[in-house]
Amino acid sequence: MNVYELVRSFYEENIEWQPVIKREWVEGYLRHKAWQGVSDDELQKTWHYLQMFETYLAHAETDYSEFLDAMPDWEYAEAIKWMDHHFAGFKKSLKPVRYFFGILMDFYKYLANRRIILNTEQLERAAEIIAGGRKVNLDALRPPAREQAAPFDKMLEEGVLPELAPLIGEVVERLMHKLGSFFQQKEFRDDFHRALMLYTGPMIDIPDEEEDEFWLGFWDYFLFDYHLIANDRTPLQYFHELHDQTLAPEERLILSDFINAQFCVFYVSRIVNQEWVECVNLFTEEKFELPYPDMDYRLLKRLLFTGHIFQRERTMINYVTSVEVSPNLRRRLREEVIRQKQIYELQQPGATWTEFLTRHSAAVRHTIDILTTLAKVNVTPRHLTDRRFPPIVSVREPNQDVSAIIARVMPEYGFSCYDIKLAQKLWHDYCQLTPATIRKPEAWAAAVIYTFAQINLPVGIPAEPLAQELGISAGSIYTNRGKLCELLQLEKHDPRYLNEEGFVFSLFSS
């Protein structure tokens, strides 16, 4: 049997678990080596080592199927001990161990070049410590003691921050690495590009990968504030639902804090003591304390901060950015965002500050950027809060066939789960104002989608492809759109049906 038959046999006939090392990774890597002139005998030897490693991963206590590169250095030492015990052809002596690390390093680099994993740091560290000397050193890397998780939780709850700082930093880094690996998979590509558009807005080019400050800010927005297309969850919430049970206890604790963190814009009002400063939430005017940052107080009191905060005994904060503003500009910023919240309340009556900022933190970020960098007097379109709209009283159920077609077709045009609900609300509201006559549900569904796109997107979507897909005429879309607009008194960036993209674009249109 050649190497590819051995791989096929292993994955199709011999394993009963979900593999960590995917079959397509192995086959792609082996073909890559074959193109470099490596013989089948050498490829079979390479595969044998990868097979041993995959077998160990299936028996490991931690599931690394979503983040292989986050596997800690000590786990490689455990793998070598396990393989020495379970495979007769493998010994934990220097030559086979170095050969094992050589294969893994080459395999990981192949995966990293294809963006399947992000880096090889843990593996490199393990190889250097275990096999970098004159003899194998497996005792230098040991798994953390099991009782560490409980003290970690207890110390966090007691607020013992200085002693915990190195441990917290290590856990956060490990967790963020797993999150990054998971959300850089192909299935999140559309979300990644949509999040970039929302974060940068229509006027900013996306920087190169070397621009660390930009990407730190983007990932902070993406993980904490962005809403996924398919389910309207934040990435942190979605990751928690899928992988919480595969994380170490201390990682679960940090993830729980992250999920409960709230987006906040704040400034420092006074020094409490040498270790703490009092901060004020710009919008709610609530006060809280944070550790004294390492900067001159004269500069500190002129800064406006943006970040995510969460509560324990004291308030904690994740990644934070700052911009220097005058008291007058700070007041203007507050007034602009209050007006934006009023716009959101036209869609969600009685919405709290938390609900507004959870949905539209991107718009708030852009408001800060526009007022501090562009010569604009107003950011928020004034007419959106001054309008009076037809009152909606629920008197009848909207046609469900139309609602179902809206839900089925909108994802094909890149609209999110949240967008679908807003479009269906538009249809619901129209049906409360008139008993619509439905001969072709497709014509009404297409008109709703077409109208919703015109409200929220700079150029909307073309009617002709939509009509062709649904087997109707473009004319019927235009006719029904006219009825929708007339009865509901619709306009560009209509606040009743404004989605996240529409809110951001509205700030740059005024």
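First residue of the sequence shown: 6, per my numbering; consecutive thereafter. The C-beta atom is built at its ideal place from N, Cα and C for all residues, glycine as well.
Any idea if residue i is buried or exposed, counting beta-carbon neighbours within 10 angstroms, 16 or more meaning buried?
i: residue 395; result: exposed
i: residue 512; result: buried
i: residue 414; result: buried
i: residue 514; result: exposed
i: residue 30; result: buried
i: residue 516; result: Since the displayed the chain opens at 6 and closes at 515, residue 516 lies outside it and no answer follows.
i: residue 153; result: Bear in mind that a pLDDT of 40 at residue 153, under 50, signals an unreliable position, so the number given afterwards is only what the model happens to contain. With fewer than 16 other Cβ atoms within 10 Å, it is exposed.
i: residue 52; result: buried
i: residue 22; result: exposed
i: residue 487; result: exposed
i: residue 312; result: buried
Please state whether DSSP places residue i in a helix, a strand or coil.
i: residue 365; result: helix
i: residue 354; result: coil
i: residue 400; result: coil
i: residue 485; result: helix
i: residue 497; result: coil
i: residue 512; result: helix
i: residue 223; result: helix
i: residue 338; result: helix
i: residue 504; result: coil
i: residue 310; result: strand
i: residue 177; result: helix
i: residue 326; result: strand
i: residue 92; result: coil
i: residue 315; result: strand
i: residue 476; result: coil
i: residue 467; result: coil
i: residue 132; result: helix
i: residue 10; result: helix
i: residue 16; result: helix
i: residue 110; result: helix
i: residue 263; result: helix
i: residue 185; result: helix
i: residue 124; result: coil
i: residue 141; result: coil
First and last residue of the alpha helix (DSSP H) that includes residue i?
i: residue 31; result: 28-40
i: residue 22; result: First-last for residue 22: undefined, no H or E at that position.
i: residue 252; result: Taken as a continuous stretch (DSSP letters only), residue 252 belongs to no alpha helix (DSSP H), as it is neither H nor E.
i: residue 410; result: 405-414
i: residue 289; result: It is not in any alpha helix (DSSP H) - residue 289 carries neither H nor E in the DSSP assignment.
i: residue 68; result: Premise fails: residue 68 is in no alpha helix (DSSP H) and is neither H nor E.
i: residue 193; result: Counting along the chain, residue 193 falls outside any alpha helix (DSSP H), and DSSP gives it neither H nor E.
i: residue 379; result: Taken as a continuous stretch (DSSP letters only), residue 379 belongs to no alpha helix (DSSP H), as it is neither H nor E.
Using 7 Å as the threshold, is the C-beta distance between residue i and residue j below it?
i: residue 434; j: residue 397; result: yes
i: residue 108; j: residue 54; result: yes
i: residue 315; j: residue 266; result: yes
i: residue 341; j: residue 372; result: yes
i: residue 230; j: residue 268; result: yes
i: residue 182; j: residue 356; result: no
i: residue 379; j: residue 348; result: no
i: residue 101; j: residue 59; result: no
i: residue 367; j: residue 176; result: no
i: residue 448; j: residue 477; result: yes
i: residue 1; j: residue 15; result: Because the chain is modelled from 6 through 515, residue 1 falls outside the range shown and cannot be assessed.
i: residue 221; j: residue 240; result: no
i: residue 212; j: residue 223; result: no
i: residue 143; j: residue 82; result: yes
i: residue 141; j: residue 99; result: yes
Determine the extent of the beta strand (DSSP E) in which residue i is found, giving its start and end residues.
i: residue 454; result: Residue 454 -> not in any beta strand (DSSP E); alpha helix (DSSP H) instead, spanning 446-461.
i: residue 275; result: 267-276
i: residue 292; result: 292-296
i: residue 246; result: Note, residue 246: premise wrong, no beta strand (DSSP E); alpha helix (DSSP H) at 240-248.
i: residue 285; result: 281-286
For residue i and residue j, what's the separation of their Cα atoms in angstroms?
i: residue 26; j: residue 70; result: 7 Å
i: residue 232; j: residue 238; result: 5 Å
i: residue 217; j: residue 369; result: 22 Å
i: residue 454; j: residue 463; result: 15 Å
i: residue 277; j: residue 335; result: 22 Å
i: residue 344; j: residue 485; result: 32 Å
i: residue 377; j: residue 204; result: 16 Å
i: residue 292; j: residue 458; result: 40 Å
i: residue 411; j: residue 294; result: 47 Å
i: residue 504; j: residue 416; result: 14 Å
i: residue 451; j: residue 325; result: 43 Å
i: residue 498; j: residue 73; result: 44 Å
i: residue 337; j: residue 287; result: 11 Å
i: residue 251; j: residue 65; result: 11 Å
i: residue 437; j: residue 404; result: 11 Å
i: residue 279; j: residue 307; result: 19 Å
Cβ of residue i versus every heavy atom of the ligand PLP: is any distance shorter than 6 Å?
i: residue 325; result: Ligands displayed in this structure: none; no statement on the ligand PLP is therefore possible.
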